[in-house]
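One structure is given below, encoded as structure tokens.
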Amino acid sequence: MRTFEEINKKRLENLNKTLKNIHKSPMYRDKYNFEIEELNDLSELRKFEITTKEELRAYSPSGNLAADMKKVVQYHETSGTTGKSISTWLTNSDHQVWCDEMESVALKFNENDILAIRFPYALSFPAHIIQDIVKKAGGVAIPIDSRGVVTPHTRVINLMLKLKITTIACLPLELIMLAETAKLMGYDPKEDFKSLRGFYTIGELLTKERKKQIENIWGVPVYDNYGLTECGVVATACENGHLHVVDENFIIEILDPETLEPVPNGEKGIITISNINFEGNPLIRYYTGDIGRIVDGNTCECGKSSEIIEHFGRIYDIIKIGDQEILMQELQDAILKATGDKVSPFWMVSFNKKRLTINFEESDDREVLDKKAAEQEISNLLGCECKIKLNKYGELFDREKLLKMQLTIKPKYIADYSQTSDYPCTLNDLLKGYGTF
Ligand SMILES: [Zn+2]
548 MRTFEEINKK RLENLNKTLK NIHKSPMYRD KYNFEIEELN DLSELRKFEI
598 TTKEELRAYS PSGNLAADMK KVVQYHETSG TTGKSISTWL TNSDHQVWCD
648 EMESVALKFN ENDILAIRFP YALSFPAHII QDIVKKAGGV AIPIDSRGVV
698 TPHTRVINLM LKLKITTIAC LPLELIMLAE TAKLMGYDPK EDFKSLRGFY
748 TIGELLTKER KKQIENIWGV PVYDNYGLTE CGVVATACEN GHLHVVDENF
798 IIEILDPETL EPVPNGEKGI ITISNINFEG NPLIRYYTGD IGRIVDGNTC
848 ECGKSSEIIE HFGRIYDIIK IGDQEILMQE LQDAILKATG DKVSPFWMVS
898 FNKKRLTINF EESDDREVLD KKAAEQEISN LLGCECKIKL NKYGELFDRE
948 KLLKMQLTIK PKYIADYSQT SDYPCTLNDL LKGYGTF
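Under the numbering used here, the residues of the sequence shown are numbered 548 to 984, in order.
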């Protein structure tokens, strides 16, 4: 295993290689409109201004591309939920780099694995990269998808049982939804899925408490990772559950959002990423908007020497009540610490200038929550007034949605009147059950 010094030496080499080519990107040609000299130390990276999401949006789809289009083999873009989408173009070499990054997780796929891929297949990257990895390891990839109409939750549960699925790759919330569906179908998530050995998650904040909750429900470990469509998989879970930065491909800085200066190790700030082993869309000091910190001193026993980072949610998700700022991570952990499994796993939060209100559902196994005590505990943990509203089971989240098996058919153009007296007369009638018709 390489030492931290060796990793940094390689990082400097990769950074200089990246900077040499950076002017091939029209965005960086405009932004760093000066001759770039070779750096002697990683700290010199601070001379460069940060790159913002707004810049990437303005220059997408191809103004941030630094490689010849003839070398590009794959395209992804961000969901665009907070603005115009950001484009990412991968060369063959980038594709390999992204596979290597994802593969560095402690959940190692093998020839006995049957992996259910429950990420969206349209435009986002994790489904496609993880599919390549599991196939390379000799396992089987089941492209289940998460946004289509073909595979509702009930069908996923049936596939898990029928195919003896060993691993699932998805967003954390999906694992709670699937467990709930399994229970509604009469299965016990812990007892009836004996072939399962682990979950791969990425794409949503997963706090320690929520990870523990999911592991308790299913009885198998969750390997959570941190990545972005703009950069690939930046940090992966080791066997001890720590997020290690992928060695020599990234330089991570944590910046103070007010001053944009680096904060001391161990303090929170904005995760700022330079991806220095990427031909398509190299990024220098990309200010992600994600709140994180570098754990001071890596004492992890897994053997990886790269930094451990922690993720606390997005800056846009901070809740402000009076002078108090509450991060998504603090909220999730406080809720789970105070309520445990005495409420159903679905909750939602609303707030005004004075207080936070959390809507829960009663637990399906009739465990009773001491509302006053839980309100007090969450108020203490978050430093603001908190009210709990306890709804009946099913009032907050309609379980029928999980069970609704949407009928899906292939395209139809011919009305067969030979067996029925129910005559379709328009194409709409004929396509009933197809997609969203
Ligand atoms: Zn570790």
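Even glycine gets a Cβ: it sits at the ideal position worked out from N, Cα and C.
Nearest candidate by alpha-carbon position, reference residue i, set the options
| i | options | result |
| --- | --- | --- |
| Y833 | L592, L559, I764 | L592 |
| N563 | P829, Q621, E648, P608 | P829 |
| P892 | L883, F551, E777 | L883 |
| N864 | F944, T628, I873, A613 | Going by the sequence as given, residue 864 is Asp instead of Asn. D864 has its Cα closest to that of I873, out of F944, T628, I873, A613. |
| R946 | E727, N845, I823 | E727 |
| E756 | T886, N824, K730, K948 | T886 |
| T783 | I831, N561, E854, E942 | E854 |
| T625 | G750, K948, M548 | G750 |
| N587 | K557, L949, I856 | K557 |
| D912 | Q879, Y940, E552, E560 | Y940 |
| T635 | M649, M616, E650 | M616 |
| K758 | G774, P719, R744, Y734 | P719 |
C-beta contact flag for residue i and residue j at 8 Å
| i | j | result |
| --- | --- | --- |
| I689 | L706 | yes |
| Q621 | T754 | no |
| S742 | I712 | yes |
| N611 | S671 | no |
| L916 | V890 | yes |
| A614 | G827 | yes |
| V781 | I820 | yes |
| H570 | T776 | no |
| D660 | T714 | yes |
| L943 | M895 | yes |
| N561 | I856 | no |
| I831 | F551 | no |
Cutoff 6 Å; reference residue i; Cβ partners in own chain excluding five residues on either side
| i | result |
| --- | --- |
| G816 | I801, L802, D803, V810 |
| K618 | T638 |
| E721 | R665 |
| L603 | N611, I633 |
| G1048 | There is simply no residue 1048 to check, as the chain begins at 548 and stops at 984 in what is shown. |
| E650 | I680 |
C-alpha distance - residue i paired with residue j, whole-angstrom precision
| i | j | result |
| --- | --- | --- |
| K578 | A605 | 12 Å |
| I838 | V703 | 33 Å |
| E808 | T835 | 15 Å |
| A716 | I677 | 8 Å |
| Y536 | N975 | In this structure the chain extends from 548 to 984, so residue 536 is not present and cannot be described. |
| R576 | I583 | 11 Å |
| D647 | N772 | 14 Å |
| S852 | Y747 | 22 Å |
| S926 | H858 | 23 Å |
| W729 | L566 | One detail in the question is off: residue 729 reads as Ala in this sequence, not Trp. Cα to Cα, the separation comes out at about 51 Å. |
| G555 | L662 | The residue asked about is misnamed: residue 555 is Asn in this sequence, not Gly. Each residue's Cα considered, the two are about 35 Å apart. |
| F581 | G627 | 32 Å |
| R744 | Y960 | 44 Å |
| K900 | R549 | 50 Å |
| T846 | N812 | 14 Å |
Chain-order list of residues whose beta-carbon lies under 8 Å from that of residue i (same chain, five-residue window excluded)
| i | result |
| --- | --- |
| C931 | I868, G869, Q871, I873, R902, L903 |
| C849 | A653, C785, E786, N787, H789, H791 |
| E814 | I801, R840 |
| F984 | Only weak support exists for where F984 lies, its pLDDT of 47 falling under 50; the coordinates are left without a value. |
| A674 | I664, F666, P667, Y668, P690, D692, A716 |
| E762 | P768, V769 |
| I918 | As written in the sequence, residue 918 is Lys, which differs from the Ile given in the question. I935, L937, listed in sequence order. |
Contacts around residue i, its chain only, beta-carbon distance under 7 Å, and the 5 residues preceding and following it disregarded
| i | result |
| --- | --- |
| D888 | S910, E914 |
| S897 | T904 |
| M732 | T701, I704 |
| G860 | L752, I838, L874, M875, Q876 |
| L725 | H700, V703, I704 |
| I862 | P804, I817, G836, I838 |
| L710 | I661, I689 |
Exercise for the section: Examine the Cβ distances between the region 911–926 and the region 796–803 and report whether three or more of them are shorter than 8 Å. Expected result: no
Handout entry: Inter-stretch contact at 8 Å, needing at least 3 Cβ pairs: the region 764–774 / the region 639–656
Key = yes
Problem - Any 3 or more C-beta pairs closer than 8 Å across the region 665–679 and the region 690–698 - result: yes
Handout entry: At least 3 beta-carbon pairs within less than 8 Å: the region 668–686 vs the region 732–739
Key = no
Practice task
Check whether the region 930–944 touches the region 899–906, counting contact only when three or more Cβ pairs, one atom from each stretch, lie closer than 8 Å.
Solution key: yes
Practice task
Count the CB pairs spanning the region 596–603 and the region 639–650 that are closer than 8 Å, and state whether there are at least three.
Solution key: no
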